[in-house]
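Down below is the structure, laid out as C-alpha cells.
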Amino acid sequence: MTAVTIAKDTFGVFGTTAVLLVSAPRVLKPARAILDDELAAIDLACSRFRADSELSALNAAAGAAVEVSELFAEILEAALRAARLTGGDVDPTCGRALVGLGYDRDFAQVQAAGDMQPRLTGSLSGVPGWRSVQLDRTRRRVRLERGAQLDLGATAKAWAADRCADAVAAQLDCGVLVSLGGDMAVAGPPPAQSWRVRVTDDHAAGPEAAGQTVTISSGGLATSSTTVRAWMVGGRHVHHIINPATGEPARSCWRTVSVAAGSCVDANTASTAAIIRGAAALPWLHDVGLPARLVREDGTIETTTGWPRDQGPTEAA
Amino acid sequence: MRRDEVSYAVAVRDDGLRKVTRLTWRVGAVGIVCSALIAVAFGHNVQHTAPHPAAPGTILIPAQPPAPAQGAGQVTSGAS
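Structure below.
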C-alpha cells in the first residue's frame, strides 16, 4: 500500500498566516504560485490598509459612484449576501466603527501601539448598514452612502480561501486545503483520511492546543473568536467583531465559534453571526442545519447536530 | 353544378389556402425575428437577475459534516 504524502506550505498574508496543503507534493510549488497571484489581486482590491486599493478609493468617494473591478464586485456581492442571509448581523459597513476603535492599520501595528485613544467620540449608534451599499453588478459600479465605510475583512479572507482552493484543484487536478488565518476551504479529492483539523481559539496555536481534532472533506470550516484580534483602546479591551446594531464590539456569551459549511465564506458568515447573536445562535445553527462548535467564556462547549462529539476535557476558561 | 363552376370553386379554395399559408409563414417569421430582438435587447437583464450559482438564498451546509479524529491536526482552525 502506498502511503499518501501531503505537502504543506506556510506563509504570511493579509496580516495573518496562510497554510496550503496539497495531496501531491509535486504540485506544491505551482499551487503556491496560484495562491500568490490570487491573494495579491484580492489584497489590492480589498485591503483597508492600502491607499491604492479599490476599497480605499471607494471609502474615500464620499457618496459618489465608483467603477470597480470584477474581482471587487464579486467579493462585495459575497459580503452583501452574507449580510442578507444573517439579517444584517454580518455587515460590511463596519469600517468606520473599526477606525473609531483605532483599527485603521495592519493589526500588528495596532497591537504594538498599546492602549490607544479612541479616534471617534460618542456612540456610533450602529453602523450605516448593508442597504447603504448600492452595487450595480452589470455596470460594476458601487456607491456608498456618505459616511459609510466598508470593511470586507472576514468575508474577503474566507472568499479568498474558497477561490484559491477551487483554482488549485481545477488547474492542478489535486486535493487541496487552503487556510487563511484559520478559515479554510477544501477542494478536489481529499486524502484517504480526509484533512485533519485542530479546532481551537487561536489559529496560531500549536497542533496540540486545547481544542478538538476533526476531519473535513468538503466545503469550508471557519472559526470566529473574541479572544484573538483584540486590543486596548481608551483603557478598555475591544475586539474586531462589530455588532452592527451598536457599532461596538459584540458582547457575546461565546468566546469562540467554529462552523462547517458548504464553503468557507458560508462558514465564516455563520460563525461571525453566531458570536454577534449570542445565546440565540445555538437554536439558529440547529435550525439551519450547520455543524458547529461553540465555546462559552467559561470554556464549556455546545455543539449542534452534525458536529462530532468532543471527546476531550472541557476547555480552560 | 357545372364542371367549370366546380373548377372555379376549387381554384378559389386553393388560392385562399395559399394566402393563409403565406400569411402563417410571415407571421411566424416576424415572431422569430421579434423574439431574437427581444432576447438581444434584454438578455443582459436575465443574466443580471438570475441567481448566481454561488449565491443561493441560504447558507450552504457541507456535503460531508466534520468527522471525529484523534491527535494533532495538519492545520489549525482558530480566529486570527
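Sequence order for the protein chains is R and A.
Each residue of the first sequence is one higher than the last, beginning at 178 in my numbering.
Each residue of the second sequence is one higher than the last, beginning at 334 in my numbering.
Even glycine gets a Cβ: it sits at the ideal position worked out from N, Cα and C.
Small disclaimer: the values here were computed from a predicted structure and weren't measured.
### Three-state secondary structure assigned by DSSP to A:S413
Counting from 1 along the second sequence, the entry for residue 413 of chain A is found at position 80. If DSSP states are grouped into helix, strand and coil, A:S413 belongs with coil.
### Inter-residue spacing [alpha-carbon to alpha-carbon] between R:T194 and R:R209
Within the first sequence, the letter at position 17 stands for residue 194 of chain R. Within the first sequence, the letter at position 32 stands for residue 209 of chain R. Each residue's Cα considered, the two are about 14 Å apart.
### Task
Take R:V245 and list the residues in its own chain whose beta-carbon comes closer than 6 Å to its own, dropping the five residues that flank it on each side.
What you label residue 245 of chain R is simply residue 68 of the first sequence in a count that begins at 1. In the same chain as R:V245, and ignoring 5 residues on each side of it, the C-beta atoms closer than 6 Å to its own belong to E231, R317 and V319, in chain order.
#### Entry: Buried versus exposed call for A:K352 [16 or more other C-beta atoms within 10 Å across all chains shown]
Translated into the one-based positions of the second sequence, residue 352 of chain A becomes position 19. Classification for A:K352: exposed.
### Query
Looking only at DSSP bridge pairs, what is R:K185 linked to?
Your numbering for residue 185 of chain R matches position 8 in the first sequence. The partner list for R:K185 (beta bridge, DSSP) reads R:L198.
### Other residues of its chain near R:D464: CB distance less than 6 Å, five sequence neighbours each side excluded
Taking the first sequence and counting its residues from 1, the one referred to as residue 464 of chain R is at position 287. Answer for R:D464: no residue qualifies.
### Query
R:D268: buried (16+ other C-beta within 10 angstroms of its C-beta) or exposed?
For the purposes of this step, residue 268 of chain R is taken as residue 91 along the first sequence, with counting starting at 1. Burial call: buried.
### Message
Suppose you measure from the CA of R:K185 to the CA of R:L212; what does that come to, to the nearest Å?
### Response
Mapped onto the first sequence, residue 185 of chain R falls at position 8. Mapped onto the first sequence, residue 212 of chain R falls at position 35. Going from the Cα of R:K185 to the Cα of R:L212 covers about 13 Å.
### Query
If we cut at 8 Å on Cβ distances, does R:V391 have a partner in chain A?
Your numbering for residue 391 of chain R matches position 214 in the first sequence. Closer than 8 Å to some Cβ of chain A, the Cβ of R:V391 qualifies, so yes.
### contact_flag[the region 199-209 of chain R, the region 227-242 of chain R] where n(CB pairs < 8 Å) is 3 or more
Using a Cβ-Cβ distance cut-off of 8 Å, the region 199-209 of chain R and the region 227-242 of chain R are not in contact, since fewer than three pairs of beta carbons, one from each stretch, lie closer than that value.
### Query
Taking one C-beta from the region 257-272 of chain R and one from the region 324-337 of chain R each time, how about it: are there three or more such pairs within less than 8 Å?
Touching, yes.
### Task
Determine the direct distance from the alpha carbon of A:V366 to that of A:V408, and round the result to whole angstroms.
Residue 408 of chain A sits at position 75 when you count from the first residue of the second sequence. Residue 366 of chain A sits at position 33 when you count from the first residue of the second sequence. For A:V408 and A:V366, the distance between alpha carbons rounds to 59 Å.
### Task
Please list, in chain order, all residues of the same chain as R:S435 whose beta carbon is under 6 Å from its beta carbon, the five residues on each side excluded.
If you number the first sequence from 1, residue 435 of chain R lands on position 258. If the five residues before and after R:S435 are omitted, its C-beta is found closer than 6 Å to the C-beta atoms of V376, T400 and R470, all from its own chain and listed in chain order.
### Query
In chain A, which residues lie less than 7 Å from R:S394 when you measure between Cβ atoms?
Along the first sequence, one-based indexing puts residue 394 of chain R at 217. Here the neighbours are Q397.
### Task
Kindly indicate which three-state DSSP category R:R273 falls into: helix, strand or coil?
In the first sequence, the residue the question calls residue 273 of chain R occupies position 96. In this structure, DSSP gives R:R273 a helical state, which the three-state scheme calls helix.
### Query
A:L370: buried (16+ other C-beta within 10 angstroms of its C-beta) or exposed?
Indexing the second sequence from 1 puts residue 370 of chain A at position 37. The residue in question, A:L370, is exposed, as its Cβ has fewer than 16 Cβ neighbours within 10 Å.
### Query
Nearest-angstrom Cα distance between R:S402 and A:S413?
Numbered from its first residue, the first sequence carries residue 402 of chain R at position 225. Numbered from its first residue, the second sequence carries residue 413 of chain A at position 80. Distance between the alpha carbons of R:S402 and A:S413 is about 8 Å.
### Task
Could you tell me the distance, in whole angstroms, from the CA atom of R:G484 to the CA atom of A:G361?
Position 307 of the first sequence, counting from 1, holds the residue named residue 484 of chain R. Position 28 of the second sequence, counting from 1, holds the residue named residue 361 of chain A. Reading off the sequence, residue 484 of chain R comes out as Trp, not Gly. Between the alpha carbons of R:W484 and A:G361 lies a gap of roughly 60 Å.
### Message
Just to confirm the assignment, what range does the alpha helix (DSSP H) spanning R:E497 have?
### Response
Nothing in the structure corresponds to residue 497 of chain R, since chain R is present only between 178 and 494.
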